[in-house]
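Presented below is the structure to which this report refers.
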Amino acid sequence: MIEKDIYILGIETSCDETSFSIVKNGCEEIATVISSQIDIHKDYGGVVPEIASRNHVKNITIVLEECLEKANMKMKDIDAIAITYGPGLIGSLLIGLEAAKTLSFIYNKPLIPVHHIAGHIYANNLVKELQFPLLAIVVSGGHTELVKMTSHYKFQKLGATLDDAIGECYDKVARVINLAYPGGPKLDKLAKNGEATYKLPLPLKDDDYNFSFSGLKSAVINLVHNEEQRGQEINKENLAASFQKVAIESIIIKAKKAIKSENIKHIVIAGGVAASNGLRKAITDMGIELEVDISFPPIKYCTDNAAMIAAAGYYAYKDGRIADLSLNSKSNDKLC
Ligand code: KG4
Ligand code: ZN
């Protein structure tokens, strides 16, 4: 019997991107529209929640209409609506959720709640079907976690950061050497042309799967201040390379341990920092060394977008995870 194709409309508004996407069968992107507010928040050195919410309100219907038009589809062609219910900025999340509920109510479509990090993991399914047991290396602005999956939509946390997320650390280090927000991609670019000449401490080498980035961040800030006080100029490329080397090494050490002891067949990276050239190279090398299959989301799916939410939403839908209109946003919800 031929199964009917399922079209999921994904909605993502957890931070400063307003995005809608239509994805077929959890793996084929039909159309995605992302309206980013980076230029608006740049002047403040980070995302201002109140401004983000107001801009989501301004953009949301325009982005929806553009997405349907790009896909050449109407709401009647959609099977279900997947919405990021959390975590994220509460005001921003609520704008997307209200839009999702309204569409669900008016067009009588099932409402599928999707955790933002599940979305980042499923961005990989848009390139290559996930294979299990899978290790997702989650590296975003708000999260750093190792998540194991033994089947679709079953997540098990192996470990996580005990303090700062790796993306947050990239951004703070970037700020201390005067790179504009968001500093992560700029720092990654600088690191490519530098050498790791500055000595920085490798955090949490011990035996579990947890991470720590606040000590590394403080070490970089202290180093920069000390050099400034001594009238020495910082070599930004070398500092970026030194920071990146240690940050990546701490991820790789724990990932290797998980791959070996959890019988992992497939590794994916998820979240904004998955766009990092340095991290992609280190994970590729690790995959070759340990003979494990690896996939990365394309750069456009690394940072926040609704295609990943629609992809995850398909598997949540198949798993029967349908919410009613009492669904609420959660700024701080755990994936597992
Ligand atoms: O996943 P994301 O868009 O937002 C969260 O869900 O947190 O991740 C944003 C983070 C920021 O910290 C940003 O600096 C970082 O991802 N990022 C990068 C790169 N592109 C984005 N970090 C390092 N290298 C990059 N190329
Ligand atoms: Zn994200």
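If you're matching positions, the sequence shown starts at 41 in the working numbering and goes up one per residue.
Where is the CB? At the ideal position from N, CA and C, for every residue including glycine.
From a predicted model like this one, the values you see are computed outputs, not experimental measurements.
Q. Just the Cα atoms here: how many angstroms apart are SER93 and ILE80?
A. Straight-line Cα distance between these residues: approximately 12 Å.
(Q) Spatial neighbours of LEU377 within its chain, please: C-beta separation below 7 Å, excluding the five flanking residues on both sides. (A) The chain is shown only over 41 to 376; residue 377 falls outside these bounds and no answer can be derived.
Q: Indicate, with yes or no, if ligand 1 has a heavy atom lying under 6 Å from the CB of GLY327.
A: No; taking the cut-off as 6 Å, the Cβ of GLY327 has no heavy atom of ligand 1 nearer than that.
Q.
Contact defined as beta carbons within less than 8 Å: I believe SER54 pairs with ASP344. What is the distance between those atoms, to the nearest angstrom?
A. That pair is a contact at about 7 Å.
Q) Near ASN148, which residues of its chain fall below 6 Å by C-beta distance, leaving aside the five closest residues on each side in sequence? A) Excluding its 5 nearest sequence neighbours in each direction, ASN148 has no C-beta neighbour in its own chain below 6 Å.
Q. For the beta strand (DSSP E) that THR184 lies in, which residues bound it at each end?
A. DSSP places THR184 inside the beta strand (DSSP E), whose first and last residues are 184 to 191.
Q. Would PHE10 be called buried (16 or more neighbouring beta carbons within 10 Å of its own) or exposed?
A. The shown model of the chain, from 41 to 376, leaves out residue 10, and the question about it has no answer.
Q.
Can you list, in chain order, the residues of its chain with a C-beta nearer than 7 Å to that of ILE135? Leave out the 5 residues immediately preceding and following it.
A. Counting only residues of its own chain and dropping the five nearest sequence neighbours on each side, ILE135 has a CB closer than 7 Å to the CB of THR53, SER93, HIS96, VAL97 and ILE100.
Q: Alpha carbon to alpha carbon, how far is LYS321 from TYR354? Give it in angstroms, no decimals.
A: Spanning the two alpha carbons is a distance of roughly 30 Å.
Q) Going along the chain, which residues of its own chain have a beta-carbon closer than 7 Å to the beta-carbon of LEU242, five neighbours each way excluded? A) Only VAL286, GLU289 and SER290 meet the Cβ criterion.
Q) Contact between the stretch 43 to 50 and the stretch 303 to 319: three or more CB pairs below 8 Å? A) Result no; under three Cβ-Cβ pairs closer than 8 Å.
Q: Look up SER75 in the DSSP assignment and say whether it is helix, strand or coil.
A: Here DSSP, grouped into helix, strand and coil, assigns SER75 to strand.
**Q.** Cβ distance (whole Å) where ALA205 is taken to contact THR184 below 8 Å
**A.** Cβ-Cβ separation between ALA205 and THR184: approximately 5 Å, consistent with a contact (criterion under 8 Å).
Q.
Quick test of the definition: if touching needs 3 or more C-beta pairs under 8 Å, does the stretch 295 to 315 touch the stretch 324 to 339?
A. Judged by pairs of C-beta atoms under 8 Å, the stretch 295 to 315 touches the stretch 324 to 339, as three or more such pairs exist.
Q | As assigned by DSSP and simplified to three states, the class of ALA236 | A | Correct three-state label for ALA236: coil.
Q.
Do TYR125 and GLY199 count as a contact pair if the criterion is CB distance below 7 Å?
A. TYR125 is positioned such that its CB atom lies no closer than 7 Å to that of GLY199.
Q) Which same chain residues, not among the five before or five after GLY66, have their C-beta less than 7 Å away from its C-beta? A) Excluding five sequence positions before and after GLY66, the CB atoms of its chain that fall closer than 7 Å to its own CB belong to ASN165, ALA351, TYR354 and TYR355, given in chain order.
**Q.** Contact check, VAL88 vs THR58, beta carbons under 7 Å
**A.** The answer is no: Cβ separation not under 7 Å.
Q: Report the residue from LYS232, ASN275 and ILE334 whose alpha carbon sits nearest the alpha carbon of GLN284.
A: Selected option, being the one with the closest Cα: LYS232.
**Q.** Residues near TYR162 in its chain [Cβ-Cβ closer than 6 Å; skip 5 each side]
**A.** Closer than 6 Å at Cβ, skipping near neighbours: MET348, ALA351 and ALA352.
Q: Could you tell me the distance, in whole angstroms, from the CA atom of ASP247 to the CA atom of SER180?
A: C-alpha separation (whole angstroms): 23 Å.
**Q.** Cβ neighbour criterion (16 or more within 10 Å) applied to ALA220
**A.** Burial check for ALA220: the Cβ neighbour count within 10 Å stays below 16, so the residue is exposed.
Q. Under 6 Å from any heavy atom of ligand 2, does the C-beta of ASP344 make it?
A. Closer than 6 Å to some heavy atom of ligand 2: that describes the Cβ of ASP344.
**Q.** C-alpha gap between LEU279 and CYS209, whole angstroms
**A.** LEU279 and CYS209: Cα-Cα distance of roughly 14 Å.
(Q) In whole angstroms, give me the CA-to-CA distance for ASN368 and PHE195. (A) Looking at the backbone, the Cα of ASN368 and that of PHE195 are separated by about 21 Å.
Q.
Does the distance between the C-beta of SER12 and the nearest non-hydrogen atom of ligand 2 fall short of 6 Å?
A. Since the first and last residues shown for the chain are 41 and 376, residue 12 lies out of range.
Q: Using beta-carbon positions only, say whether TYR357 and ILE42 come within less than 7 Å of one another.
A: No. Outside cutoff.
Q: For GLU106, write down the residues that DSSP places opposite it in a beta bridge.
A: According to DSSP, which records beta bridges pairwise, GLU106 is partnered with nothing at all.
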